[in-house]
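In the order they appear, the protein sequences are chains A and B. Just so you know, we're using this note's numbering here: the first sequence kicks off at 1 and counts up by one. Just so you know, we're using this note's numbering here: the second sequence kicks off at 1 and counts up by one. Every residue, glycine too, gets a C-beta built ideally from N, C-alpha and C.
There are 2 protein chains.
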Amino acid sequence: MKILGISEKITMAHGSGGSATKKLIEDLFFKYFQNDALDKMEDAAILDIPSDKIAYTTDSFVVTPIFFQGGNIGKLAVCGTLNDLLVMGAEPKYLTAGFILEEGMDIKDLEEIIKSMAQTAKDSGVKIVAGDTKVIEGHGGIYINTSGIGLINNKPFHASNVKPGDAVIVSGPLGNHHACILSHRMNIRNSISSDCAYLGEMVQNMIKAGIDIKTMRDVTRGGLATVLNEIADSSNTTINLKEDSIPVDPEVKSFCDILGLDPLYMANEGKLVCFVAQEDAEKVLNIIKSSKYGEKAAIIAEVLKRENVPVTVTTRIGGKRILNILQGEGLPRIC
Amino acid sequence: MKILGISEKITMAHGSGGSATKKLIEDLFFKYFQNDALDKMEDAAILDIPSDKIAYTTDSFVVTPIFFQGGNIGKLAVCGTLNDLLVMGAEPKYLTAGFILEEGMDIKDLEEIIKSMAQTAKDSGVKIVAGDTKVIEGHGGIYINTSGIGLINNKPFHASNVKPGDAVIVSGPLGNHHACILSHRMNIRNSISSDCAYLGEMVQNMIKAGIDIKTMRDVTRGGLATVLNEIADSSNTTINLKEDSIPVDPEVKSFCDILGLDPLYMANEGKLVCFVAQEDAEKVLNIIKSSKYGEKAAIIAEVLKRENVPVTVTTRIGGKRILNILQGEGLPRIC
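Below you can see the structure in the form of structure tokens.
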């Protein structure tokens, strides 16, 4: 497929800033990302900001393989940054996309990635308004950075709002993205799919219902264990997790049992953990359960006064253990 | 130097999202980038935006070598994105920084880079408010993405404002960054230094003086030839460049003569080209000349009614030639 009338593979010329770069931008990026701000082709997008406060974030994505069950690096790069804005209580609005392409990359793979970025952005109501492309030596890989802006019209969420007595809700089963990527790498065939998704609907539904959300985080690298430790430290509380309440899909559980993995340390790309007052817990659970991507949500922990350690787990047989943040490597290039 | 109490080199664990990542962030990024928004350690920074309009941009940096005369990849990553905001008529305010580190990178090199990013940001009056770190396999390299937000309080500049009769001013000699990087790669010893710099002062001085700036661009990858072609196309004009008015430092000129390079196609990292009405040209030239990094500015071209081609050059001996945009490669990984 000779999309660019130049070649079927990315060459160093596509990163020159000259005619080949221009053609790449026009034939691929503009074709799919099309919007007023981007189409002006200036050095920066000019945007209206009808709000005094914004949320602003960035994330780079280096996942391998770049295509996997349930998504690809492009979809991940859009969802990941949108979820980071969302969990701060912002309404995601604009994204930028910076591409680092390795020489030799198939242009049809790049087109596939761009198409799914454009589709995910469209489905989420956001625009990709500025971009950049560089080419490096290598073997056809791709790295994507996205940054994002969201408008804040409500009180921003903050970990310091969390108080003893609060309930902790996770929006669905843990470990799917991690198990999916690892299955691809190990060449294991199964039906485990990445949970890669934008969680806007469930959060909007909570806000619409007037829920007082204390704080919220998306559960990515480092897993739930790491996120809970961070929140416990920021709020000076101890979080006690109930082991038998943690949702894990049966196939992911089998996969973890065989390989000795702990879903509490595994990466997810479409899960959030939400802190609310105990009396709101059932209501929030029901809102999440009736929202897209939330049908398997569960109340999994309660917030206690600070004890010796930030996070503990009450095990199935009633014992208690400490849950540290992830030590060492996890799975390299998981996102 | 055991900065992180973990190792002197970047390992895969630094990209895990767990304890090693936390230590890297706290011991290096927070130490140098310190500010209210970043210190909150949330998934996104919460920022006040006292303006209805913003400029928003992104750029990834893959330059090799990562340290060069006059700067390093970090300084470049800050200046590059700030200049992109500046030339849109915005006041740069906030940056994000996404790091992709190759395993084996010296942590003291990383510290050096972060220090100069922090210093450049401070000197430019901007804050680095959000960041991300990933680790990939490799040989100790680094890629940095920066995105940036600037406030727009004036009429934004736009290429379509350019009209026949306008004058074109370049803020200084061309080709220095390109010649510097190439000298390093070829192991040639000379005193050519990258022009890597943030050009805020000269633009602020123009705005303060009430100049009606038609449009402005920073002259990076693809060189002046490429930028002028883009502006001529956007404004439906033809730009006629006077060859003997184009400033080039003598050492860069010798370097180009020997290697057969054309400064008009070479990358710069601290040069802008500015379009103003003919009657403002001398005044603007003097403002730039008396500003930091502008002492060798020159009026180099005039805007004509659209002819057959977007950009022409009147040569030293009075002939005319066409100046196309950069074809092919330029110098890979120049920025």
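7 Å Cβ cutoff, residue i in contact with chain B
i                : result
GLN327 (chain A) : yes
SER19 (chain A)  : yes
SER147 (chain A) : yes
SER116 (chain A) : no
TYR32 (chain A)  : no
THR237 (chain A) : no
LYS2 (chain A)   : Bear in mind that the predicted position of LYS2 (chain A) carries a pLDDT of just 49, short of 50, making it unreliable; the figure below should be weighed with that in mind. LYS2 (chain A) does not count as touching chain B.
ILE66 (chain A)  : no
ALA77 (chain A)  : no
THR57 (chain A)  : yes
SER16 (chain A)  : yes
SER171 (chain A) : no
THR96 (chain A)  : yes
PRO332 (chain A) : yes
Among the options, the one whose alpha carbon lies nearest that of residue i
i                : options                                : result
VAL227 (chain B) : B:ALA267, B:THR57, B:ALA20, B:GLU307   : B:ALA267
ARG185 (chain A) : A:GLY74, A:THR133, A:ARG333            : A:ARG333
VAL129 (chain A) : A:GLY148, A:GLU111, A:LEU224           : A:GLY148
GLY70 (chain B)  : B:ILE46, B:THR120, B:GLU103            : B:THR120
PHE29 (chain A)  : A:GLY89, A:LYS127, A:THR11, A:ASP123   : A:LYS127
MET216 (chain A) : A:ILE10, A:VAL170, A:ILE258            : A:VAL170
GLN34 (chain B)  : B:LYS115, B:GLY328, B:LYS289           : B:LYS115
CYS180 (chain B) : B:GLY172, B:VAL168, B:ASN187, B:SER193 : B:SER193
ALA281 (chain B) : B:VAL311, B:ASP212, B:PHE61            : B:ASP212
GLY270 (chain B) : B:GLU279, B:GLY260, B:LYS296, B:LEU285 : B:LYS296
ALA90 (chain A)  : A:GLU201, A:ILE300, A:VAL252           : A:GLU201
Helix, strand or coil at residue i according to DSSP, with G and I counted as helix
i                : result
GLY131 (chain A) : strand
ILE239 (chain A) : strand
ILE152 (chain A) : strand
SER336 (chain A) : Any question about residue 336 (chain A) goes unanswered here, given that chain A covers just 1 to 335.
GLU196 (chain B) : In the sequence as presented, Glu is not what sits at residue 196 (chain B); that position holds Cys. Looking at CYS196 (chain B) - three-state DSSP - the assignment turns out to be coil, as it is neither helix nor strand.
CYS274 (chain A) : strand
VAL126 (chain A) : coil
ASP39 (chain B)  : helix
VAL162 (chain B) : coil
TYR32 (chain A)  : helix
THR146 (chain B) : strand
LYS9 (chain A)   : strand
ALA368 (chain A) : Residue numbering for chain A in the displayed model covers 1 to 335; residue 368 (chain A) lies beyond these limits and cannot be assessed.
PHE157 (chain B) : coil
ILE107 (chain B) : helix
ILE136 (chain B) : strand
Continuous beta strand (DSSP E) stretch holding residue i: start and end
i                : result
LYS53 (chain B)  : 53-61
VAL303 (chain A) : 298-305
PRO92 (chain B)  : 91-102
THR215 (chain B) : 215-218
THR312 (chain A) : 311-314
ILE169 (chain A) : 167-170
Any chain A beta carbon closer than 7 Å to residue i
i                : result
TYR293 (chain B) : no
TYR198 (chain B) : no
ARG221 (chain B) : yes
ILE128 (chain B) : no
PRO156 (chain B) : yes
VAL389 (chain B) : Because chain B spans 1 through 335 in this model, residue 389 (chain B) falls outside it and cannot be assessed.
GLY104 (chain B) : no
Residue i: first and last residue of the uninterrupted alpha helix (DSSP H) it sits in
i                : result
THR21 (chain B)  : 19-24
LEU323 (chain A) : Unbroken run through LEU323 (chain A): none, as it is neither H nor E.
LEU47 (chain A)  : It is not in any alpha helix (DSSP H) - LEU47 (chain A) instead sits in the beta strand (DSSP E) that spans 45-48.
GLU282 (chain A) : 281-289
LEU76 (chain B)  : 73-86
ILE317 (chain B) : Careful: ILE317 (chain B) lies outside any alpha helix (DSSP H) and carries neither H nor E.
Burial state of residue i, where buried means 16 or more other Cβ atoms lie within 10 Å
i                : result
PRO92 (chain A)  : buried
MET105 (chain A) : buried
GLY165 (chain B) : exposed
ILE144 (chain A) : buried
ASN153 (chain A) : exposed
HIS139 (chain A) : exposed
MET88 (chain A)  : buried
ASP249 (chain A) : buried
PRO65 (chain B)  : exposed
ALA13 (chain B)  : buried
ASP36 (chain B)  : exposed
MET41 (chain B)  : exposed
Cβ-heavy atom distance, residue i to the ligand SAH, below 6 Å
i               : result
VAL62 (chain A) : Although the ligand SAH was asked about, the structure shown includes no ligands whatsoever.
Any chain D beta carbon closer than 7 Å to residue i
i                : result
MET186 (chain B) : Absent here is chain D; the protein component of the structure consists of chains A and B.
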